[in-house]
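Novice:
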Ligand SMILES: NC(=O)c1ccc[n+]([C@@H]2O[C@H](COP(=O)([O-])OP(=O)(O)OC[C@H]3O[C@@H](n4cnc5c(N)ncnc54)[C@H](OP(=O)(O)O)[C@@H]3O)[C@@H](O)[C@H]2O)c1
């Protein structure tokens, strides 16, 4: 019988176990995907440990918000798709029921797009969440334009790296924020036009220097917490801050400082909208084809049986911000 990862209680990586379950037939408008690989995201760790903002019903919760595979069965009423098509999942708003950590999952047909041509299974498993979030936050939400100075926190992470490449593809100027000076060269190689390392530099002062005193046009905050105040001071008056991540669990004070437009962002705002998904997929395919977008995957290979180890790898930060991918078949 096909295998699936479940957990019955909140806790460390060891609460996950692999069980066998019969496949589910797709309902009207749904497809069943035979998964080939999935990526591990910070939200998976939050769900597993009981710190996710959305409630996770227990027991027998599944995990996983992204991955790639081939269509294995089509429910009544699906059009334009055929069995065997290679696809990427675009949104899993109910991962505790339909998570991608499995040999099979069943999702609405609108939640898959064709796997980008020329992309290997490992990269395809890790491409959608990071790039769709960065694209949605910067292009769709903040209206990023060529020449904009874009300040990107957690720049060495999956979303941050994607954001730097997307800014470059548009012709904007990505300024990376890291906590460690030692990461400067790695971030410059990953696409940063400049790097601000908070162990040595004051963010507002450094951004002022890199923008001729103007400040950042757009700030992508993937960390939040009290450090958001420093980001607000680094933005130009009239600029935009998009808060899209929450790596620092401490509260963020109410935004003060210069007059800015401040958005909270969840990628479902766009990934559940078929028209926006079409734009996202077109942008992603163009960027991959041109070589502007290059998903960074951790070198360490994991199989479904290693899923506990894959989460330990994430928790220890051994992935250094690259995506951790688990191969299913
Ligand atoms: N809004 C949405 O729909 C959406 C979608 C996807 C992801 N997200 C969120 O976006 C955030 C980033 O996701 P990701 O996949 O890019 O994460 P990731 O790959 O795990 O990012 C890791 C990087 O973030 C930095 N970091 C980690 N903890 C930090 C802290 N406490 N303070 C400051 N920096 C910290 C580190 O960089 P340095 O060591 O170099 O500082 C690290 O390399 C997460 O909170 C995730 O849940 C939101």
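Residue numbers (the working numbering): -12 to 316.
Ideal placement from N, C-alpha and C gives every residue a C-beta, glycine not left out.
Since we're looking at a predicted model, the values are computed, not measured.
Do residue 24 and residue 109 have their C-beta atoms within less than 8 Å of each other?
Specialist: yes
Novice: Could you compute how far the alpha carbon of residue 151 sits from the alpha carbon of residue -12?
Specialist: 42 Å
Novice: Would you report the Cα separation of residue 320 and residue 28, rounded to the nearest angstrom?
Specialist: A question about residue 320 goes unanswered here, because the residues of the chain that appear run from -12 up to 316.
Novice: Taking the continuous alpha helix (DSSP H) assigned at residue 172, which residues delimit it?
Specialist: It spans 171 to 176 - the alpha helix (DSSP H) in which residue 172 sits, taken as one unbroken run.
Novice: For the putative contact between residue 58 and residue 82, defined by C-beta atoms under 8 Å, what is the C-beta separation to the nearest angstrom?
Specialist: About 20 Å; that fails the 8 Å criterion.
Novice: What does the alpha-carbon distance come out to for the pair residue 341 and residue 93?
Specialist: As shown, the chain starts at -12 and ends at 316. That puts residue 341 outside it, with no answer to give.
Novice: Using the three-state DSSP reduction, which class does residue 277 fall into: helix, strand or coil?
Specialist: helix
Novice: Using the C-alpha atoms, what's the distance from residue 214 back to residue 268?
Specialist: 33 Å
Novice: Give the C-beta separation of residue 236 and residue 216 to the nearest angstrom, bearing in mind that I take them to be a contact with Cβ-Cβ under 8 Å.
Specialist: Contact doesn't hold; Cβ gap of about 16 Å is too wide.
Novice: How would you write the range of the alpha helix (DSSP H) that residue 34 sits in, first residue to last?
Specialist: 29 to 36
Novice: Would you say the beta carbon of residue 257 is closer than 7 Å to some non-hydrogen atom of ligand 1?
Specialist: no
Novice: Going by DSSP in three states, residue 91 sits in which element: helix, strand or coil?
Specialist: strand
Novice: Whole-angstrom Cβ separation of residue 219 and residue 147, contact assumed at under 8 Å?
Specialist: A Cβ-Cβ distance of about 19 Å is found for the pair residue 219 and residue 147, leaving them out of contact under the 8 Å criterion.
Novice: Label residue 38 either buried or exposed according to how many other C-beta atoms from any shown protein chain fall within 10 Å of its C-beta, with 16 as the threshold for buried.
Specialist: exposed
Novice: One question on the structure: do residue 18 and residue 264 come within less than 8 Å of each other, judged by their Cβ atoms?
Specialist: no
Novice: Find the nearest neighbour of residue 86 within the set 249, 207, 3 and 231, judged by alpha-carbon distance.
Specialist: 3
Novice: Between the Cα of residue 231 and the Cα atoms of 125, 266 and 170, which residue gives the shortest distance?
Specialist: Taking only the C-alpha atoms, the option nearest residue 231 is 125.
Novice: Strictly by DSSP, which residues pair up with residue 55?
Specialist: Beta-bridge pairing links residue 55 to 24 and 75.
Novice: Thinking just about the alpha-carbon of each residue, which of 293, 313 and 195 is nearest to the one in residue 204?
Specialist: 195
Novice: Inspect the beta-carbon positions of residue 13 and residue 61 and report whether they are closer than 8 Å.
Specialist: Going by C-beta atoms, residue 13 is nearer than 8 Å to residue 61.
Novice: By a C-beta neighbour count over all protein chains shown, 10 Å radius and 16 as the cutoff for buried, is residue 120 buried or exposed?
Specialist: buried
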